[in-house]
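Worksheet: the structure to be examined is printed underneath.
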Amino acid sequence: MGLTERTCVVCHGDDHFEVFDQPTEAIIGIGDIGYHHRIQICRNCGFVFASPVLPEEKILLFYEKMSNYEHPQSDGLRPQAEKNQILRYFELINKRFPPAFKGKALDIGCATALGLSLFRSRGWDVVGLDPSPKCVELSKKYYDVRVINGFFSPQLLEKEKPFDLIILCHVLEHLLQPDKVIKELGDLLSEEGVVYIEVPNLLKPYAPKCYFGFEHVNFFTPTSLANIAEANGFAVDSLSCFDNGPQVSPFYPVLAMTLRKTKQKFQMKNDMGEVLPVIEKFKNESGELVARLQATVRKILEKIPKGRLALWGAGIHTSQLLSETDLGQAEIACIFDNDLKKDGSRLMGYPVEKFSGDLEKIKKRIDAILISSEASEDIIYNQISYLEDHGIKIYRLYQRSQPG
Ligand SMILES: [Zn+2]
Numbered sequence: 001m002g003l004t005e006r007t008c009v010v011c012h013g014d015d016h017f018e019v020f021d022q023p024t025e026a027i028i029g030i031g032d033i034g035y036h037h038r039i040q041i042c043r044n045c046g047f048v049f050a051s052p053v054l055p056e057e058k059i060l061l062f063y064e065k066m067s068n069y070e071h072p073q074s075d076g077l078r079p080q081a082e083k084n085q086i087l088r089y090f091e092l093i094n095k096r097f098p099p100a101f102k103g104k105a106l107d108i109g110c111a112t113a114l115g116l117s118l119f120r121s122r123g124w125d126v127v128g129l130d131p132s133p134k135c136v137e138l139s140k141k142y143y144d145v146r147v148i149n150g151f152f153s154p155q156l157l158e159k160e161k162p163f164d165l166i167i168l169c170h171v172l173e174h175l176l177q178p179d180k181v182i183k184e185l186g187d188l189l190s191e192e193g194v195v196y197i198e199v200p201n202l203l204k205p206y207a208p209k210c211y212f213g214f215e216h217v218n219f220f221t222p223t224s225l226a227n228i229a230e231a232n233g234f235a236v237d238s239l240s241c242f243d244n245g246p247q248v249s250p251f252y253p254v255l256a257m258t259l260r261k262t263k264q265k266f267q268m269k270n271d272m273g274e275v276l277p278v279i280e281k282f283k284n285e286s287g288e289l290v291a292r293l294q295a296t297v298r299k300i301l302e303k304i305p306k307g308r309l310a311l312w313g314a315g316i317h318t319s320q321l322l323s324e325t326d327l328g329q330a331e332i333a334c335i336f337d338n339d340l341k342k343d344g345s346r347l348m349g350y351p352v353e354k355f356s357g358d359l360e361k362i363k364k365r366i367d368a369i370l371i372s373s374e375a376s377e378d379i380i381y382n383q384i385s386y387l388e389d390h391g392i393k394i395y396r397l398y399q400r401s402q403p404g
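And the structure:
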């Protein structure tokens, strides 16, 4: 598969070097492709980005087919942690406008449009944009919000402009050309309008190993986010850093920035000196974690006969685990996943299936299940721990106690 080479999208310099390599050999919906997510830093401005990356059409197909943003388990209704995230930016954005202001809002990558429904309840005119047809349907069903199905393009929004507010919540880190998108927002935004951007905060990478997932191709700091905005017709109006935690989605530290249009020119800043030690620390912690996971996996593989272990979870965590531990070469019975979209596919040759719940059949096939998820480990454990009463051992990777 041909990969796409990238250069720095902030300063457009081409002097960068690799700071991290995240093997992600197989990805559901894309294939067993031997991919490595290679993370680069720009010497000229300090921006951190992935290159080379999967071709854009492959990534877009993945978002269309495998999108998790429609929340299949809850049929699109947002869990409380996501509501908290949306309520917070709703308050933050409202402070950037005069009291009782009513304008027109656009949410790019709006998922099921809860955020937009809040603005509408204050009298705003709202429209969403999302690549997932399911999200379009659920936005209508739950909040009666109109959502255009597609990826961002100014042509798609020509008839809708101007907007007084454009929201890009956890979108910019996914785009191969975020610079181009920001520049194009200028033409869609009213003169007094505000752009709200929320992205992960690279200065606080949330979890060893997991931070540089293949879906993210840009890794922003307050400096690089300001640089890219200022290079494309905007000035920083406000910056907030939130650590989030278990009560607020996406659970890890984020940057929230509001921007306004300007004709002013800015000097680009370079924060490489601040970023490199953060990545060095991350690299060390990731190395330690992978070694620990490998040791745990080996212990499990020694205990469970060949072909009698199943994994639970066919997401990015499993892709990385299969790439970085002996599980890749072990004989796994299958990979269970609740997501029906994944049912019937394969990950590194292993079949992915929905858990049938038929105990007799399951006992004939497997002796143990290893939960392969960090963020959802507890939720999954609560769902399947009853199997232990029926002689199926459940292993967890992140809880303190080691497998017995
Ligand atoms: Zn640069």
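Under my numbering, the letters of the sequence shown match residues 1 to 404, in that order.
Heads up, the beta-carbon is just placed ideally off N, CA and C, and yes, glycines get one too.
Check: Own chain residues within Cβ distance below 7 Å of Thr325, not counting five before or after; Outcome: Leu293, Gln294, Val297
Check: Beta-carbon gap between Leu370 and Tyr395 smaller than 8 Å; Outcome: yes
Check: Neighbourhood of Asp343 by C-beta, 8 Å cutoff - its chain only, sequence neighbours within 5 removed; Outcome: Asp337, Val352, Glu353, Lys354
Check: Proximity test, Gly273 beta-carbon vs ligand 1 heavy atom, cut-off 7 Å; Outcome: no
Check: Helix, strand or coil at Asn44 according to DSSP, with G and I counted as helix; Outcome: coil
Check: Segment contact, 8 Å Cβ cut-off, at least three pairs: the region 278-290 with the region 222-238; Outcome: no
Check: Three-pair Cβ contact test at 8 Å for the region 233-251 versus the region 174-181; Outcome: no
Check: Closer than 7 Å: Asn405 CB and nearest ligand 1 heavy atom; Outcome: Beyond the ends of the chain as shown, which are 1 and 404, falls residue 405; an answer cannot be given.
Check: Rounded separation between Gly357 and Ile384 - CA only; Outcome: 10 Å
Check: Pro200 classed as buried or exposed, judged by whether at least 16 other C-beta atoms fall within 10 angstroms; Outcome: buried
Check: Cys241, enclosing beta strand (DSSP E) - first and last residue; Outcome: 234-242
Check: Where the alpha helix (DSSP H) through Ile380 begins and ends; Outcome: 377-384
Check: Endpoints, the alpha helix (DSSP H) within which Phe90 is located; Outcome: 80-94
Check: DSSP-derived helix/strand/coil call for Lys134; Outcome: helix
Check: Reference Leu157, options Glu184, Ala368, Arg38, closest by Cα; Outcome: Glu184
Check: Asn44: CB within 7 Å of a non-hydrogen atom of ligand 1; Outcome: yes
Check: For Leu259, three-class secondary structure by DSSP; Outcome: strand
Check: CA-to-CA distance, Phe47 to Asp271, given in whole angstroms; Outcome: 8 Å
Check: For Leu114 and Val147, the rounded distance between their alpha carbons; Outcome: 12 Å
Check: Val217 and Ala105 closer than 8 Å at C-beta; Outcome: no
Check: Check: Val10 C-beta below 7 Å from any heavy atom of ligand 1; Outcome: yes
Check: Phe17: CB within 7 Å of a non-hydrogen atom of ligand 1; Outcome: no
Check: Cβ neighbours of Gly2 in the same chain (closer than 8 Å, five flanking residues each side left out); Outcome: Pro55
Check: For Glu274, the first and last residue of its enclosing beta strand (DSSP E); Outcome: Taken as a continuous stretch (DSSP letters only), Glu274 belongs to no beta strand (DSSP E), being part of the alpha helix (DSSP H) at 272-303.
Check: Cβ separation of Tyr9 and Ile228, assumed to be a contact under 8 Å, to the nearest whole Å; Outcome: According to the sequence shown, residue 9 is Val rather than Tyr. That pair is a contact at about 7 Å.
Check: Candidates Pro79, Ser117, Leu289, of which the one nearest Ser139 by Cα; Outcome: Ser117
Check: Heavy atom of ligand 1 within 7 Å of Phe47 beta-carbon; Outcome: yes
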